[in-house]
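Data first, discussion second: the structure below is written as structure tokens.
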Amino acid sequence: MDVSSVSEIKSTDNEQQYEMIHTTKNEPKIIVLCFNPNNELYKKTEGFGRRLHQIIDNIVSHTVLESCINFIRSIEKEKIFLIVSAASALQFLHHITNLDQIISIFIFCLNNDQYNHLSFKDSKIVGIYDELGLLCLSIQEQINLIEKRFHTWSFFDHEEYAIKDLSKQSSDFLWLHLFHDFLLQLPINQQVKRQKIHPCHHYCGSNVKELTLMDELEEEYQPNEAIRWFMKHSFLRKMINKALRTEDTNELYTLRYFLSDLVQNLRHEHHQIIQSDREDLIVYRGMKLSNDEFNQLQENQGKIMSMKGFLMANTQRSSALAFLTSSTRQTDFISALFEIECNVKEVGDSIIFAQITQSNELKCQDTILFNLNATFRLEAIEKDQQMWIIKLNAVNDGRTITQKYIDDTHRQIEDLSVPIIFGKLICDMSQWNQSQIYFQHLFNDQHNEDLAWIQHSIGQAYYWKGELNEARIYYDHAYQRMMQSEPARSKDSAIVLSDIGEILYLLGKYEEAYDFHHQALTIRKKYYPSNHAYIATSLKNIGFVYYRQKKYDEAFVCFKQALAIREEYYNSFHVNIATSLNNLGYIFMNRRKYDEALDYYQRAMSIYNKCYPSGHVYIASTLNNISHIFYRQDKYDEALDIAQQALTMQNKYHSFDHIDITTSLINIGNIKYDQEKYDESLELHQQVLAIEMKYYSSGHLDIVDILNNIGDTQLNGKENYDKALRFHQQALTMLKTYYPSYYAHIAMTINYIGNIYYKQRKNNEALDLYDQALKMQEQYYLSDHIDMISILDNISYILRVQKKYDDALLVCQRSLTIQQNHHSSDHKEISNTLKNIGIILYKQGKYDEAFDFHQRALNILKTPHSSNYVNIANNYYQIAKIRILQKKYDEAINFCQQALEIHEKYSSFRHKVIPDSLMDIGYVKCEQRKFDEAIDYYHRTIAKLEEFHPDKYISIVVCLENIGMIWKQKRSYERSIEYFGKCLKIIEANRPFTEVTIISTLLALGEVHQIRGEYDLSLAYELKCFLLREKVLPSNHQDIGESLSNIGQCYDHLHQRKLALDYYRRALVIYEQCLPYGHQARSDIELKIEQLSK
């Protein structure tokens, strides 16, 4: 029931009417909780439970304090009205002060005066009541206030609407006005009217009085009495206004005949007002507004608005003011007086209202009842003492805007009826279930409507719900009905063919989709001019097939033509223009032109926000596109925030396992992957796989993509080579089975498999796979393509590892040429190739040339507003390595420090890079003989590694070994042995260990013990070293000769000349095979043999 009329509209019965609460899924559910120790409320008050149930069904009673509090805390979404006796309140209230679930408290007692002071202790206390009727009335009033907050009004930004195409505009405002027009077109059928009232019985619940009145309505109702019934019975008024507020189309469809009569009655009454001499009318309405509601009004000053319901106002200002002073004791509402001015002659029949003076049984002679489509301009909001005055002016814009929307829709589909246009608007508002149910009602009731369009519209509702098989069934029915008409409706059938093509596209059947889109385009070219919006739709759809096939140039041409047509057709403002902007953004994104892509996405978002001010799936989709751009630009925090916004919006429209949710989950999973949060990434991608496997058939490109994502995470995040290979092989099998000609996709999956072999150091096998993938791309694209870059980079890297530097350089130069042909000279990816060339030149010892390439890379990366911090740091690091080998240590440290500062500031999740910089600085400090500083940096490196990468024990060993070497140079041999010993323990604890790592530690220990004259210990380490070298090296390797020489030297110091001579001779045999005559090591061993042989 409307709040302002609580004290004004009386029933003909003596007993006050209480209205049932029938919540929709969008409204806050209300629970009435009775804290009732000893069951005193029910025992002492006759009919307590029965009277409450007349108001609301959801009543819970607790008798024990602890269980009651636990129940309150368990509530997550519902709102609680608490009823408590005054005696119990004294011990109960302080326990619940901070529980947000409770929004209103009602204290019930038989002695009001004794407990009146309690009302001032808690702002949630509505009042203290000593009569059950007053308690129930207050509860009802608070329920009304809560329900009223559910979008009481709708706004429309009417500027420039006359020159904009409104056919895809989606708003509550249009919904309200089109529903009104739908009511006016209903046929007159009294029998159907009576039958259609009966389903409303569910609204009455167990309220016997309301059920009786509903039966009375069915039996006695006459069409010319609609206003009287509406004003007389609060439950009917409440049911209708609530259905309008919540846009409950199903409920309203059930009530459609009564509403049609009500609208017609109002028009009849209004006609009499127009014929009178009355010109100006000012009426008033008092309201209690929440802060959000008041702020919404302030933000929309100057715009037009409609109340979502049949608005009642008073001709007497005092009546409206009376409501404001008596409606509630709570202080968290803003008192507002709406002052509505209406020039009767000027607005004519555009604003329908009636003055209620029909009968003495309606004690509301000063009440004005406006039609549901009444439109006002919000002129001003002014403060007047303790309240706000909100000034409205009745205008006829609503009728003009609605007709413009209908006319623009008819530009697309001629002669489409208002009932069908209304249903399509419901679908455009993302209310797909409501749209589906509405059209099914329309189909069953027929009313001479176009059944083909109704079936097509049901199919669209299923399409948006993601139920593609059901959508296809209805599309097929619609197509058959059109083609079986006399004459066949070939022109209309193009829409259905196009929509079938979209289903096939989503199912991954791209060639079949192309055929349907091409067929639709052929028909459209026959019936429409080349610049019609439908031509653009077909071009867009064909472009998407090319896009999925990675034929981006062909897709770009289609998308560009579609945008040009739509901008001309819609005069530069329309949802479809935004869609085309998004499509072009996809192309630029895949061309790695991220700034251009972002510009297109943001232009699309600007249009969507104007067309869908309350949010929409299109907005969520565009947010995901923007998130992906930020992800590609390494702006992970921004990308994650936007992707989560998109997911929140999608959850508003879809179930948790809807296919559209997967885009957000994939984006978030990719971001988590790059942040090295591999477990989170893997969980999200596996969730996506489960949804896709349920949604799609066994073979789909989206499944291929997510299998590759999971495989890549298993490889780089978990280093699980077997699992990674299994996922990539599964993806490859799916491609070869369902998409055998999609060489570009197959090539990328083979590339993923090559990465596994590379990680396993199977470089030859990896290189073979990369070559195979590149040949596929060359065959598919015919010329060098930007997608080849990743495979070329991998080939170059393998060649570099194999020390085939000239070949690696040629591959990098090919990458650079492709990038320069596709990108501007300052593109980030060019800098990456320049860096790779610099590394190859560094490996070749061409340090100055390498430095120049890294400097060129930095010049690209260090552009204004650049966020490429990590890549900048990586180039600093490479330059530092060059300067180290050039022994330019001060410059080297400077570059290392810059790299370190960037990583520490911007790359908190890239801890593996920071230790490298610290270690290099330690090395430089050591070369500068700044040993204490070097030790400090090595210790910092170890601390970082132990905190974030304890598995990288080899790097820890290298640091410990370097510290040991420093202590050796400082002749602190005991400290040196301590650190070498730590190295040995770590290596032996991480079996199987790398022989090369332990050999260097054994050699160092052998050398230090020999310096200390501990020849037995030195001999033990040298023998271990020899055995390992003999195991992993060729028998004539110089290092084996060195070990034999070292062992001989130990025996020599131990005065075991025979054993010493034997090992020296064995060393010489090897040296003679691998070292030239006169080599220092060979000469030294010959001299020792000669000395021992004397």
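Numbering that gives the first Met the number 0 puts the first residue of the sequence shown at 0, with every later residue one more than the last.
Backbone N, C-alpha and C define an ideal beta-carbon position, used for all residues, glycine too.
Fair warning: this is a prediction, and the values are worked out from it, not measured in the lab.
If contacts are defined as beta-carbon pairs under 8 angstroms, then residue i and residue j qualify, I think. What distance do you get, rounded to the angstrom?
i: I453; j: L441; result: 5 angstroms
i: F105; j: L131; result: In fact, because the Cβ distance is near 11 angstroms, the residues do not count as touching under 8 angstroms.
i: R591; j: E946; result: R591 to E946, Cβ: 35 angstroms. No contact.
i: P94; j: K302; result: The question names Pro, but residue 94 is His in the sequence shown. Actually they are not in contact, since the Cβ atoms of H94 and K302 sit about 46 angstroms apart, beyond 8 angstroms.
i: D171; j: H573; result: D171 to H573, Cβ: 20 angstroms. No contact.
i: E930; j: E960; result: According to the sequence provided, residue 930 is Phe. The question's Glu does not apply to it. Actually they do not touch by this definition, with Cβ atoms about 15 angstroms apart.
i: L173; j: F107; result: Going by Cβ atoms, the distance from L173 to F107 rounds to 46 angstroms, so no, they are not a contact pair.
Is it buried or exposed for residue i, if we count other Cβ within 10 angstroms and need 16 for buried?
i: S318; result: buried
i: G1077; result: exposed
i: Q385; result: exposed
i: E292; result: buried
i: H1109; result: Outside the shown range of the chain, which is 0 to 1093, sits residue 1109, and nothing can be said about it.
i: M0; result: Any reading at M0 is ruled out, since the residue's pLDDT is 28, under 50, leaving its predicted position unreliable.
i: T248; result: buried
i: T712; result: buried
i: Y1097; result: With the chain running from 0 to 1093 in the structure shown, residue 1097 is simply not present.
i: N623; result: buried
i: S1042; result: buried
i: V995; result: exposed
i: I1010; result: exposed
i: Q649; result: buried
i: N37; result: exposed
i: N530; result: exposed
Per DSSP, what kind of secondary structure is residue i in: helix, strand or coil?
i: V394; result: coil
i: F105; result: strand
i: I660; result: helix
i: Y922; result: helix
i: E381; result: strand
i: I350; result: coil
i: K550; result: coil
i: G126; result: strand
i: A312; result: strand
i: T245; result: coil
i: I412; result: coil
i: A373; result: coil
i: Y527; result: coil
i: G285; result: strand
i: I817; result: helix
i: V83; result: strand
i: F572; result: coil
Ordered along the chain, which non-local residues of its own chain (more than five positions away) have a Cβ less than 7 angstroms from that of residue i?
i: K924; result: E932, A933, Y936
i: Y741; result: Q548, L734
i: I892; result: I920, V923
i: Q759; result: Y720
i: Y737; result: G698
i: Q771; result: I749
i: D407; result: D164, L165, S166
Going by beta carbon distance, what residues of the same chain come within less than 6 angstroms of residue i, once the five residues before and after it are set aside?
i: H176; result: N372, G397, T401
i: I941; result: I955, C958
i: I541; result: H516, C557
i: R974; result: W966
i: N35; result: S60, T62
Excluding five sequence neighbours on each side, which residues of the same chain lie with their C-beta closer than 8 angstroms to the C-beta of residue i?
i: N707; result: F726, H727, A730, M747, T748, Y751
i: I838; result: R799, A849, Q877
So that I know if they touch, is there some Cβ in chain B lying closer than 7 angstroms to that of residue i?
i: G710; result: Going by chain labels, chain B is absent from the structure shown, which holds only one protein chain.
**Report entry** Cβ contact check for the segment 565-581 and the segment 602-609: 3 or more pairs under 8 angstroms
**Finding:** yes
Query raised in the report: Are the segment 220-234 and the segment 248-262 in contact at 8 angstroms, needing three or more beta carbon pairs?
Result: yes
Query raised in the report: Can we say the segment 629-643 touches the segment 428-440, given the rule of at least three CB pairs closer than 8 angstroms?
Result: no
Query raised in the report: Taking contact to mean at least 3 C-beta pairs separated by less than 8 angstroms, is the segment 226-244 in contact with the segment 303-316?
Result: yes
Query - the segment 1028-1037 contacting the segment 1007-1018, beta-carbon criterion three pairs below 8 angstroms - result: no
Query raised in the report: Taking three-plus beta-carbon pairs below 8 angstroms as touching, is the segment 801-821 in contact with the segment 854-864?
Result: no
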